[in-house]
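Scroll down for the structure; my scribbles are underneath it.
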Amino acid sequence: MDQDTKQLRDHLKNKRRRERYLAEKSELLSQLAHARKAIDTFSRRRNVRPVALPWKDVAGSLAKACVESRLSLELLRQKYEQVYHISQCMSAWVGSMSRSQNVPVSNDMFKATVLMGDPIARRLGLDWFTQHMYHNTNRMEALSNFPSEGVVQDTTVISHENGMWEIHGRIQVECNYSLEATYAYLHDKIWEELRGETHISMSEILDEDTVKTIDAKMIYRRTAVSADESNYYVGREFVTKNRVVFLFGNFSQDALHPENIQWRPRMFWYIMDRLAPERTRIRLVLYNGPKVIEGKILTWKDDLKYTGEDISTIPEEEQFQKYQQLIVKEWQPMLDSDFELLNLRFLNE
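So for the sequence shown, my numbering puts the first residue at 275; every next one is plus one.
Printed below as a string of structure tokens:
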């Protein structure tokens with residue numbers, strides 16, 4: 275190492291040492307000034323004599339704090355009463371869905387669901403019912419045993435133990451349209467169904483303000499079928515990227531409206547699935563549970579008696595087959611109408 279290089283290195287080393295020393299000195303002087311300031315402040319505080327607050331000021335502050343605590347207590351009590359009331363309503367609601375007449379059934383859709391009268395319980399009930407149906411869409415498709423492709427239009431009557439029964443209707447079609455185009459074409463037509471505008475009986479829209487707070491694409495209505503029976507239908511639309519579901523189903527009773535002497539569970543799902551950019555599958559699932567009259571679930575044989583059908587001459591093993599034929603015949607016009615609504619293949623021509 276030559277002499278010039280050594281001198282330059284020593285110079286730079288000394289410069290760095292000097293800069294570090296000056297920085298540390300500046301930091302220590304700053305800390306010293308801060309400490310002196312703190313000592314001066316503390317000394318002045320020690321020389322100040324404490325002054326006792328007048329009793330009037332103390333009493334006023336305590337009174338104010340007492341009022342605030344009482345207000346807080348009252349708000350907490352009101353909140354408690356509200357939550358307790360809701361829990362009682364929901365407990366009663368859950369209890370109302372217990373087995374009717376203690377008849378053992380294998381399908382939970384037979385259970386009666388009552389819409390309670392309390393405003394908060396009504397809102398929770400309407401939201402829960404439609405969410406429950408929506409999250410059971412795949413289950414209903416599986417129960418309907420749809421094929422993966424092709425056209426389907428049929429009705430099946432399913433017999434359970436103890437004479438219990440239910441009806442499943444199903445429709446499946448496909449069209450060469452995007453999901454968005456299919457939705458745009460069918461939206462208003464399906465909503466006519468949800469609003470009850472295509473039914474023979476008139477519908478009365480209920481709880482509009484409450485329903486709007488849940489979902490803009492939702493409706494609750496009463497359709498009076500007879501003096502003894504009303505369908506309290508709640509409908510809703512659910513849209514995701516690759517699927518659209520329109521659905522509606524009925525409560526057994528509404529605590530604020532005429533009591534149903536007879537009723538039956540009715541549920542419907544309109545399902546659109548994107549198969550490809552320009553290919554959409556449309557499905558309709560229709561479900562009817564057994565009729566319930568004055569709290570008693572009718573077996574299929576009971577239902578036959580109400581229709582006036584004479585099966586006395588029909589062998590026991592053939593009676594259910596006869597009942598199936600009657601149901602299929604009764605449902606066929608409805609399925610034909612829905613098939614015509616949903617079958618968009620003619621638009622491709």
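C-beta: ideal position from N, C-alpha, C; glycine also.
Closest to residue i by CA distance: which of the options is it?
{"i": "His434", "options": "Pro551, Leu572, Leu618", "result": "Leu572"}
{"i": "Val431", "options": "Phe613, Trp402, Met608, Ile601", "result": "Ile601"}
{"i": "Glu591", "options": "Glu423, Ser361, Ile313, Lys575", "result": "Lys575"}
{"i": "Asp401", "options": "Ala297, Thr487, Cys340", "result": "Thr487"}
{"i": "Ile360", "options": "Arg496, Arg469, Leu350, Gly391", "result": "Gly391"}
{"i": "Thr587", "options": "Lys596, Arg553, Lys287", "result": "Lys596"}
{"i": "Glu440", "options": "Lys311, Glu454, Pro607, Tyr561", "result": "Tyr561"}
{"i": "Leu521", "options": "Cys449, Ile464, Thr387", "result": "Ile464"}
{"i": "Thr387", "options": "Glu533, Glu454, Asn516", "result": "Glu533"}
{"i": "Glu511", "options": "Met546, Asn505, Asp481", "result": "Met546"}
{"i": "Val566", "options": "Gly509, Asn505, Ala550, Glu583", "result": "Asn505"}
{"i": "Asp612", "options": "Phe542, Lys311, Tyr354, Trp329", "result": "Phe542"}
When the distance is taken between beta carbons, is residue j closer than 7 angstroms to residue i?
{"i": "Val489", "j": "Gln536", "result": "In the sequence as displayed, the identity of residue 489 is Asp instead of Val. No, they are not a contact pair."}
{"i": "Met438", "j": "Pro564", "result": "yes"}
{"i": "Tyr507", "j": "Asn524", "result": "yes"}
{"i": "Leu446", "j": "Arg557", "result": "For clarity, residue 446 is Gln in the given sequence; the question names Leu instead. In this structure, Arg557 lies closer than 7 angstroms to Gln446 by Cβ."}
{"i": "Gln598", "j": "Ile585", "result": "no"}
{"i": "Met476", "j": "Val485", "result": "no"}
{"i": "Thr514", "j": "Tyr451", "result": "no"}
{"i": "Thr472", "j": "Glu466", "result": "yes"}
{"i": "Arg444", "j": "Val559", "result": "yes"}
{"i": "Leu480", "j": "Arg496", "result": "yes"}
{"i": "Cys449", "j": "Leu578", "result": "no"}
Going by other Cβ atoms of all chains shown within 10 Å of its Cβ, with 16 needed for buried, is residue i buried or exposed?
{"i": "Asp539", "result": "Looking at the sequence provided, one finds Pro at residue 539 rather than Asp. It is buried - the Cβ of Pro539 has at least 16 other Cβ atoms within 10 Å."}
{"i": "Ala395", "result": "buried"}
{"i": "Gln527", "result": "buried"}
{"i": "Glu616", "result": "The question names Glu, yet the displayed sequence has Leu at residue 616. Burial call: buried."}
{"i": "Ser418", "result": "buried"}
{"i": "Tyr494", "result": "buried"}
{"i": "Ser422", "result": "exposed"}
{"i": "Gly569", "result": "exposed"}
{"i": "Asp314", "result": "exposed"}
{"i": "Pro378", "result": "Because the pLDDT at Pro378 is just 36, under 50, the model does not fix this residue reliably, and the point stays unresolved."}
{"i": "Asn516", "result": "exposed"}
{"i": "Asp462", "result": "exposed"}
{"i": "Cys340", "result": "exposed"}
{"i": "Glu552", "result": "exposed"}
{"i": "Leu460", "result": "buried"}
Rounded to whole angstroms, how far is the Cβ of residue i from the Cβ of residue j, which I believe are closer than 8 angstroms?
{"i": "Leu609", "j": "Gln427", "result": "6 angstroms"}
{"i": "Trp672", "j": "Thr456", "result": "Any answer about residue 672 is impossible in this case: the structure gives the chain only from 275 up to 623."}
{"i": "Val518", "j": "Leu453", "result": "7 angstroms"}
{"i": "Leu389", "j": "Ala529", "result": "6 angstroms"}
*Taking only runs of the beta strand (DSSP E) that begin and end inside the stretch 481–534, which ones reach a length of at least 3 residues, in chain order?*
492–500, 503–513, 517–525
*Which runs of the alpha helix (DSSP H), 4 residues or longer, sit entirely within the stretch 584–619?*
590–616
_Every unbroken beta strand (DSSP E) within the stretch 389–474, with a cutoff of 3 residues, ordered by chain_ = 426–433, 439–449
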